[in-house]
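In this note's numbering, the protein residues as written are 553 to 723. Just so you know, even glycine gets a beta-carbon here, dropped at the ideal spot from N, CA and C. Read through the structure below, which is laid out as structure tokens, and then see the notes.
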Amino acid sequence: MSVSSTEREGEGKPRFSTTALAEVEAIYARYPPEHRRSALLPILHLAQREFGGWLSHEALAYVAELTDIPPVRVGEVATFYTMYNLKPVGRYHVQVCTNISCWLCGSDAVAQALQEKLQLQWGETSADGRFTLSEVECLGACVNAPALQINDDYHEELTPEKVTEIMDRLP
Ligand code: FES
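Printed below as a string of structure tokens:
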């Protein structure tokens, strides 16, 4: 998560850092001018990184203003995709795929091992803010199912023993 997230003094409104604004321009450069609105997804991803790993109402309003896209459209996109977090998450966001390939390869046992190890149910965050445990749809790693994602890292071909080791190794 970025430490460069900014809030305007006294107003509490999220604002991109200068670095992030430069990144927005770099994102826009990938799209033809007539398809500029398609940059919304990577800009939301950038906002999530900038604003502490999640998108508040204020952050969504800022992105709408920045991109000149109606707030309702920004909200529709942000609520459709599970990779956008609409409430705060822990330092480690553990996202476990339980979709068909992972389920057939044992994600139930992996999920149970994780829930016991972290003492969390789906959607919960540990009291110390270290872990959030989420159940997600296909992570696109079906060939090496079962899979999970911790922040930006993928872990595949999981077993209950392997996920326990992964959790123990986290700093
Ligand atoms: S079904 Fe789990 S990664 Fe595709």
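Where residue i sits in the DSSP three-state scheme
i	result
Arg625	helix
Tyr633	coil
Ser653	helix
Leu592	helix
Val615	helix
Arg582	coil
Leu700	strand
Arg567	strand
Gln647	strand
Same chain, Cβ closer than 6 Å to residue i, neighbours up to 5 away in sequence not counted
i	result
Thr684	Val641, Gly642, His645 and Thr677
Arg582	none
Rounded C-alpha distance that separates residue i from residue j
i	j	result
Glu602	Gly658	35 Å
Ser569	Pro584	25 Å
Thr634	Gly692	13 Å
Own chain, CB closer than 7 Å to residue i, minus 5 neighbours either side, in chain order
i	result
Thr716	Ala665 and Lys669
Thr650	Ser659, Ala663 and Glu687
Gln671	none
CB contact below 8 Å: residue i versus chain B
i	result
Ala613	Among the protein chains of the structure shown there is no chain B, as only one such chain exists.
Taking 8 Å as the threshold, find out whether the segment 613-631 comes into contact with the segment 650-664 through three or more Cβ pairs. In short, these stretches do not touch, since the Cβ pair count stays below three.
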